[in-house]
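Presented below is the structure to which this report refers.
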Amino acid sequence: MVVPNALSDRNLSFPTGLITGIVLAIPGYFIGVWTGNLFGLFDDQNTGVILGYAFAVIGFLVGLGFLNYPLARLLGWPVTAVPQTVEERTWGRYFSLSLDHKVIGMQYLVTILIMLLFGAIGAMLIRTSLLVPDASITPPGQYIMLIGLHSVMMIFITSAVILGPFGNYLVPLMIGARRMAFPRLEALSFWVVPPAAVILAAAVFWGGFPTGWTGYPPLSEQAGQGMDSYIVGFVLIAIALVTSGINMLATIIAMRAPGMTWTRLPMFVWGIFATAILGLLAAPVLATALVQLAMDRTTNTTFFVAANGGSNYLWENLFWFFGHPEVYIFILPAFGIIMELVPHFARKPLWGYRTGVVGLFGVTLLSWFVWQHHLFMSGIAPVLRPFYMLSTELISIPTGIIFLVTLGTMWRARIWFSVPMLFCMGFLFNFLIGGISGVYLSDVPTDVTLHGSYFSMAHFHYTIVGGEIFAMMAACYYWLPKMTGKMLSPLIGRIHFWWMFIAFNSTFFPLFLLGILDMPRRVSVYAANLQFLNDWVTVSAYLLFGSMLLFAGNLVYSLFFVPGIAVANPWHARSLEWQVPTPVPAGNFDRVPLIVGGPYDYGLPNAKPAADTFFFAAWWFSFFYLRALNNDQAWRPQGVGPPSLGFGLVVLALVVLMAGTYWVMSRALYGSFSFSLLAPVSLVFGIAACLFQGFGMWHLGFGLTQGGYASVFAGLTGAWLIQLLGAVAWLATVVVQGRPSGDTVVRPHSAATFGWILVFLAAVGVINYLLLYLVK
Amino acid sequence: MATGVSWLNPLTWPIEPWVLLGVEVTAILYLRSRSRIPSPAGGGSGWGRWRPLCFWLGLATIFFALDTPVEWYARQLFWVHMTQHLLLIMVAAPLLVAASPWMQLWRGLPLGVRRPLARVAIKHPALAVLRRLFALIVTPTAAWILSSANLWFWHWPAAYDLTLRNHTIHHLEHGLFLCLGILFWAQVIDQHPFRLRLSPFKRVAYVFTATIQAWALAALLAFATSPFYAYALLPFRPGGISALTDQQYGAGIMWVPGSITYSIVFIACLYLWFGAEDARANSFTPRQVGVAK
Chain A
0 MVVPNALSDR NLSFPTGLIT GIVLAIPGYF IGVWTGNLFG LFDDQNTGVI LGYAFAVIGF
60 LVGLGFLNYP LARLLGWPVT AVPQTVEERT WGRYFSLSLD HKVIGMQYLV TILIMLLFGA
120 IGAMLIRTSL LVPDASITPP GQYIMLIGLH SVMMIFITSA VILGPFGNYL VPLMIGARRM
180 AFPRLEALSF WVVPPAAVIL AAAVFWGGFP TGWTGYPPLS EQAGQGMDSY IVGFVLIAIA
240 LVTSGINMLA TIIAMRAPGM TWTRLPMFVW GIFATAILGL LAAPVLATAL VQLAMDRTTN
300 TTFFVAANGG SNYLWENLFW FFGHPEVYIF ILPAFGIIME LVPHFARKPL WGYRTGVVGL
360 FGVTLLSWFV WQHHLFMSGI APVLRPFYML STELISIPTG IIFLVTLGTM WRARIWFSVP
420 MLFCMGFLFN FLIGGISGVY LSDVPTDVTL HGSYFSMAHF HYTIVGGEIF AMMAACYYWL
480 PKMTGKMLSP LIGRIHFWWM FIAFNSTFFP LFLLGILDMP RRVSVYAANL QFLNDWVTVS
540 AYLLFGSMLL FAGNLVYSLF FVPGIAVANP WHARSLEWQV PTPVPAGNFD RVPLIVGGPY
600 DYGLPNAKPA ADTFFFAAWW FSFFYLRALN NDQAWRPQGV GPPSLGFGLV VLALVVLMAG
660 TYWVMSRALY GSFSFSLLAP VSLVFGIAAC LFQGFGMWHL GFGLTQGGYA SVFAGLTGAW
720 LIQLLGAVAW LATVVVQGRP SGDTVVRPHS AATFGWILVF LAAVGVINYL LLYLVK
Chain B
0 MATGVSWLNP LTWPIEPWVL LGVEVTAILY LRSRSRIPSP AGGGSGWGRW RPLCFWLGLA
60 TIFFALDTPV EWYARQLFWV HMTQHLLLIM VAAPLLVAAS PWMQLWRGLP LGVRRPLARV
120 AIKHPALAVL RRLFALIVTP TAAWILSSAN LWFWHWPAAY DLTLRNHTIH HLEHGLFLCL
180 GILFWAQVID QHPFRLRLSP FKRVAYVFTA TIQAWALAAL LAFATSPFYA YALLPFRPGG
240 ISALTDQQYG AGIMWVPGSI TYSIVFIACL YLWFGAEDAR ANSFTPRQVG VAK
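For the protein sequence lines, the chains are A and B, in the order given.
Numbering of the first sequence is given in numbering that gives the first Met the number 0, commencing with residue 0 and proceeding in unit increments.
Numbering of the second sequence is given in numbering that gives the first Met the number 0, commencing with residue 0 and proceeding in unit increments.
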């Protein structure tokens with residue numbers, strides 16, 4: 000295949016980097032606000048604010064250089080699929096778009112720690128306010144703003160605190176791979192996190208948002224523009240979860256070194272694997288719910304407006320369908336860390352390896368059908384509550400199995416009580432309390448009494464702070480010698496552990512008592528007789544914050560004041576990541592040969608449609624849910640309906656033809672006659688489908704406020720249309736560069752994979768047609 | 000019980016002749032071959048005393064579900080009817096598959112019947128289409144699709160109400176649940192002497208996806224705000240519950256207790272997969288993949 004010289008010599012000389020990103024984000028924001036205010040006639044600038052954030056993020060990512068590679072491919076310039084990472088040890092690489100998983104891991108770690116500082120300051124302000132039983136320190140509006148910012152910031156952090164830094168840094172090292180499967184996706188999964196944090200913090204300028212992290216309508220529909228920060232920030236986190244989920248699964252399935260069979264996989268990798276499944280399938284449902292909320296707030300659809308063909312229960316179901324797996328996204332990597340570290344410090348093989356993995360997957364499976372226990376007090380059908388109680392209590396079985404495996408490993412061992420091991424023991428102690436109080440809360444009568452009190456608040460802080468953050472600390476003390484090349488001081492580490500452990504329990508254990516004494520969450524005013532306990536908790540919380548500062552001090556001390564570099568394997572551990580030198584070479588391993596394809600036909604090509612299926616499934620669920628809940632008039636008033644049966648059929652036929660021609664094309668030879676012919680034909684079909692569908696949406700003939708059907712119609716066809724536009728962009732890439740530069744750019748593998756995605760989109764179109772046009 | 004149906008007096012039970020006959024004939028065939036030829040217990044691994052136990056428990060479950068007062072309640076209560084179906088699909092079918100009684104049942108037939116029957120079934124040219132069809136439906140994909148489609152079909156209100164009115168259709172429904180249940184579980188539970196087609200890992204995925212679709216159906220019924228089926232027309236239900244409550248109980252039973260078999264088999268398949276993977280790891284030497292040194 001001949002590549003024309005005129006094209007091959009060119010390259011992008013667009014300056015990219017963090018500074019460019021910030022420089023582009025600012026005009027992006029104002030363009031978004033301006034555009035939104037131009038079209039958003041219904042609301043108080045919500046359209047402008049949401050579009051402003053979206054454009055700012057896009058500008059930021061473009062400035063960082065995310066567009067260079069797709070643009071080069073679109074224009075047919077030669078590109079390197081995955082550039083070989085070079086040995087460069089400058090600080091600059093941490094501030095630019097890097098495709099090295101080790102750099103991304105460190106970027107994640109520092110970002111998360113900075114975010115953690117802000118989240119913790121929020122917690123200190125909350126506790127300060129609770130020093131007095133009345134609202135004299137913070138007025139009520141400010142208090143609920145603090146609650147919202149603290150909770151959502153902490154949810155962002157805890158979603159990524161292990162998966163991001165340690166998952167990205169260690170998974171390739173532990174399975175013997177040189178890199179992650181999709182390095183650009185990996186970089187994207189990091190670079191959306193800082194904008195998410197900044198956008199969330201920007202809510203302060205709008206007075207925050209009053210809903211806490213759950214964002215329940217109708218409050219979230221009525222809230223001011225601070226709510227838009229919540230929406231956009233959470234969408235970005237959902238994107239991070241989906242992209243890193245796909246990436247982790249693909250990497251662990253396909254890139255293990257020869258001999259790294261499934262039963263030799265380190266437990267930490269298993270924890271990440273289970274987490275990736277959860278993130279991949281749960282986050283799209285959250286994205287759907289957030290898009291619906293954003294549509295309600297900007298285009299006046301009525302997804303969550305009960306008076307007008309919607310239902311606030313729809314939000315509660317979608318949110319918690321994501322929300323409950325989300326808490327296992329927090330804790331499964333922590334389980335992985337504990338089961339990984341304990342054998343090293345007990346110097347024994349893990350007791351019950353298979354049982355431990357089965358425990359992880361048991362949690363993964365069960366986590367999907369317990370979410371309704373969050374709705375016990377919301378007015379769901381009372382007869383269903385015992386079933387969700389039962390299913391929730393079942394989760395304690397695999398969790399207990401994981402504990403059993405850990406304790407069995409320590410049985411009769413001569414344990415080396417290093418600092419990481421101390422944190423593992425702290426985890427076991429805290430999570431036991433957190434887990435068992437969770438069993439109490441799953442019990443319907445107990446939950447009816449304690450719902451919305453400090454008891455549940457103490458419960459989830461015991462699991463997240465006492466569980467996940469303790470595991471994160473164990474991971475820091477254990478792996479930072481490999482990641483930074485500096486051993487953290489064990490003496491300060493020991494002081495840090497005992498300080499943090501005592502302060503943590505002294506902070507959160509009294510909260511159980513306060514909960515039983517009926518102190519409500521999210522309110523700054525409480526009964527005067529509870530002041531002593533609250534003051535006790537506040538002082539303890541200050542001490543807990545102090546222990547975190549000590550940890551920061553230990554980091555600074557070890558990084559800047561300890562000379563020399565840590566030995567390669569300070570723990571004398573047998574696992575793979577310790578067998579490489581410190582600092583880790585750019586290519587990780589010198590000689591390890593890589594497995595190219597996975598042994599099972601599950602994974603790579605289907606990963607994206609799998610996430611997308613859940614995205615659309617959430618829309619379809621909304622359709623059935625609102626249809627079943629509303630009478631005919633509220634669902635679809637007189638005069639509201641799809642354009643016409645024939646119109647829908649034409650659009651559908653065009654999409655099917657696009658997918659069909661592409662399918663034939665992607666299996667034809669490059670440069671062959673059928674290839675050259677069919678690629679443009681497929682593109683024409685795609686453009687026609689988009690134009691027709693866009694025209695149909697523009698001339699709906701009914702307003703979006705007219706009942707549940709109108710909302711679902713707009714959202715579902717809109718989501719489909721956006722994906723069709725993406726497909727057309729890909730087809731345009733194939734047509735534009737397919738002929739001149741032949742097989743150098745669009746590789747047969749990705750072309751074939753995309754055929755599956757088009758078939759999937761056509762299938763979605765068929766289901767949409769059945770629902771929107773045919774079901775009454 | 001006002002109508003005279005009593006748990007204590009089997010004479011009042013709603014015995015269905017065809018069900019009773021089927022259960023009895025199966026039992027007799029099983030016993031006949033056991034008395035005539037030794038069971039494979041002597042030779043062959045994977046054969047335990049638990050297999051006959053599974054067989055009898057499976058048969059008893061079918062009898063319990065269809066011929067006892069359970070059936071009488073199932074005509075008035077949706078949730079009992081769902082329990083009845085779950086007993087067939089999730090208890091009787093996997094038990095029968097685990098018992099793997101097929102060779103024994105076959106040998107229970109007299110030789111004079113077996114030979115011509117086998118000859119016709121295997122060789123008769125008129126049955127070629129049927130044989131090909133059978134070969135198709137015993138593949139894992141077809142078994143998954145058929146059993147799921149069957150499950151969803153009978154919960155379609157029109158089909159469901161038809162079974163309440165028409166007894167023949169109702170028997171057909173139960174027969175399909177049992178047969179397709181056996182077909183479904185036969186893909187993941189080992190049965191002597193047949194070999195499974197699915198690799199251990201694919202079995203995990205097979206059960207996982209089936210669980211999800213069963214949950215989707217249960218969720219649909221649980222979230223419905225009006226009763227779907229003709230039960231709503233009954234003036235009175237045992238226990239005095241409303242038709243909607245009845246439907247929600249049924250959905251809850253499908254959701255949580257209905258998942259128990261799935262969960263057990265899912266975990267067993269995971270263990271099997273690890274066993275296969277361990278065997279692979281142990282047979283793995285650097286020479287095989289060409290790693291230097």
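Here a beta-carbon is modelled for each residue, glycine too, at the ideal position from N, C-alpha and C.
Quick caveat: nothing in here was measured; it's all calculated off a predicted structure.
Asked, Found
"Using the DSSP secondary-structure output, state which residues sit across from A:Ser452 in a beta bridge.", "A:Pro519"
"Taking Cβ positions only, does B:Arg279 come closer than 7 Å to chain A?", "yes"
"Verify the CB distance criterion: does B:Thr244 have a CB-CB separation below 7 Å to chain A?", "yes"
"Quick one: which unbroken alpha helix (DSSP H) runs of 4-plus residues sit fully inside the region 518 to 568 of chain A? Chain order, please.", "530 to 560"
"Can you tell me which of the three DSSP states A:Tyr477 falls into?", "helix"
"Using 8 Å as the threshold, is the region 77 to 92 of chain B in touch with the region 174 to 185 of chain B, meaning 3 or more CB pairs across them?", "yes"
"Short of 8 Å in beta carbon distance, which residues of its chain neighbour B:Ile181, apart from the five on each side in sequence? Order them along the chain.", "Ala92, Leu95, Val96"
"Is it buried or exposed, A:Ala728, if we count other Cβ atoms within 10 angstroms and call 16 or more buried?", "exposed"
"So, does the CB of B:Val255 fall closer than 7 Å to a CB anywhere in chain A?", "yes"
"Straight-line CA distance for B:Tyr49 to B:Gln190?", "Before going on, a small fix: residue 49 of chain B reads as Trp here, not Tyr. Rounded to whole angstroms, B:Trp49 to B:Gln190 spans 13 Å at the Cα level."
"What span of residues does the alpha helix (DSSP H) with A:Tyr28 cover, start to end?", "17 to 38"
"Looking at A:Ala282 and A:Val241, is the spacing between their C-beta atoms short of 7 Å?", "yes"
"Measure the alpha-carbon distance for A:Gln224 versus A:Leu313 and round it to whole angstroms.", "22 Å"
"Decide if A:Met376 is buried, meaning its Cβ has at least 16 other Cβ atoms within 10 Å, or exposed.", "exposed"
"Suppose contacts are defined by Cβ-Cβ distances below 7 Å. Is A:Met153 in contact with A:Gly118 by that definition?", "yes"
"For a quick check, are the C-beta atoms of A:Gly782 and A:Leu449 less than 7 Å apart?", "Outside the displayed span of chain A (0 to 775) sits residue 782 of chain A, for which this structure offers no information."
"Between the region 242 to 252 of chain B and the region 214 to 224 of chain B, do at least 3 Cβ pairs fall closer than 8 Å?", "yes"
"How far does the alpha helix (DSSP H) with A:Ala333 in it reach, from first residue to last?", "311 to 345"
"Would you kindly work out how many angstroms separate the C-alpha atoms of A:Phe503 and B:Thr260, rounded to a whole number?", "41 Å"
"Among A:Val369, A:Phe759, A:Leu218, which residue has its Cα nearest to the Cα of A:Ala658?", "A:Phe759"
"In angstroms, rounded to a whole number, what distance separates the CA positions of A:Phe402 and A:Met518?", "32 Å"
"Thinking just about the alpha-carbon of each residue, which of A:Ser417, A:Leu280, A:Gly563, A:Thr408 is nearest to the one in A:Ala474?", "A:Ser417"
"Between A:Ala286 and A:Phe614, what straight-line distance do the alpha-carbon atoms span, to the nearest angstrom?", "7 Å"
"Nearest-angstrom Cα distance between A:His100 and A:Gly466?", "26 Å"
"Does B:Gln247 come within less than 7 Å of chain A when only Cβ atoms are used?", "yes"
"Thinking just about the alpha-carbon of each residue, which of A:Trp410, A:Val369, A:Gly361 is nearest to the one in A:Ile400?", "A:Gly361"
"Where A:Ala333 and B:Trp12 are concerned, what is the direct C-alpha to C-alpha distance, given to the nearest angstrom?", "55 Å"
"Suppose you measure from the CA of A:Gly309 to the CA of A:Tyr772; what does that come to, to the nearest Å?", "19 Å"
"Residues of the region 254 to 265 of chain A with a CB closer than 7 Å to any CB of chain B: list them in chain order, please.", "Pro257, Gly258, Thr260, Trp261, Thr262, Arg263"
"In whole angstroms, give me the CA-to-CA distance for A:Phe783 and A:Leu516.", "This structure gives no information on residue 783 of chain A, because the portion of chain A shown stretches from 0 to 775."
"A:Ala380 versus chain B: which residues are under 8 Å apart at the beta carbon?", "Ala221, Leu243, Thr244, Gln247"
"With a threshold of 6 Å on Cβ separation, who are the neighbours of B:Ile14 within its own chain once the five nearest residues in sequence on each side are excluded?", "Asp66"
"Applying the criterion that 16 or more other CB atoms from any shown protein chain within 10 Å of the CB defines a buried residue, is B:Lys201 buried or exposed?", "buried"
"What does A:Val438 reach in chain B if we use C-beta pairs closer than 8 Å?", "Going along chain B, no residue has its Cβ under 8 Å from A:Val438, so there is no contact; the nearest lies around 16 Å."
"Starting from B:Arg164, trace the alpha helix (DSSP H) both ways and give me its first and last residue.", "156 to 164"
"If we cut at 7 Å on Cβ distances, does B:Trp214 have a partner in chain A?", "yes"
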